[in-house]
Amino acid sequence: MSTHTFQTSAGPVTVAASEPVPGLHVFEIPADVSPDSTYRWIAAHHDGAALASFDTEAAATDAAQAVGPLADWTRNAMTTSNEISLGGNSERLLDLLKRHGGQHPNA
Numbered sequence: 005m006s007t008h009t010f011q012t013s014a015g016p017v018t019v020a021a022s023e024p025v026p027g028l029h030v031f032e033i034p035a036d037v038s039p040d041s042t043y044r045w046i047a048a049h050h051d052g053a054a055l056a057s058f059d060t061e062a063a064a065t066d067a068a069q070a071v072g073p074l075a076d077w078t079r080n081a082m083t084t085s086n087e088i089s090l091g092g093n094s095e096r097l098l099d100l101l102k103r104h105g106g107q108h109p110n111a
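Take the sequence shown: its letter number 50 is residue 54 in the numbering used here, and every next letter is one higher.
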């Protein structure tokens, strides 16, 4: 199991994370972070940026596996972003995340 560090208004938080696709992490946000959100599971780039939030671990994992082929997620976030956008896959990325129940990461 890996760890993932993400930023909150109170500072960085590090949690346990799975890596269903090389470079993509899935983790549950702690109860004290966004306590009113029902979307507790996050699929994120290993550099930290969240792709979307989900209501279950299975949905987040399925979404990570679905978007896995769109880019080399092991590279840095800017390179991955360029690969997706310049490859014409931005809409496909959003569509796949939504199809798997993904919400804006701050939902």
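We treat Cβ as the ideally placed atom computed from N, Cα and C, and that holds for glycine.
Quick caveat: nothing in here was measured; it's all calculated off a predicted structure.
For residue i, which of helix, strand or coil comes out of DSSP?
i   : result
G15 : strand
T7  : strand
A62 : helix
S22 : strand
For residue i, write down the residues that DSSP places opposite it in a beta bridge.
i   : result
H50 : Partner(s): none; H50 has no beta bridge.
A67 : Looking at the DSSP assignment, A67 forms no beta bridge with any residue, so it has no partner.
V30 : S22 and A47
Can you say whether residue i is buried or exposed, counting buried as having 16 or more other CB atoms within 10 angstroms of its CB?
i    : result
R103 : exposed
P109 : buried
A14  : exposed
Would a check of beta-carbon distances place residue i closer than 8 Å to chain D?
i   : result
D51 : You won't find chain D in this structure, because it holds only one protein chain.
Original post:
Using 8 Å as the threshold, is the segment 32-40 in touch with the segment 70-83, meaning 3 or more CB pairs across them?
Top reply: Taking 8 Å as the limit for Cβ pairs, the verdict is that the segment 70-83 does not touch the segment 32-40.
Original post:
Would you call the segment 49-60 and the segment 86-106 in contact, with 3 or more CB pairs under 8 Å?
Top reply: Enough Cβ pairs lie closer than 8 Å, so yes.
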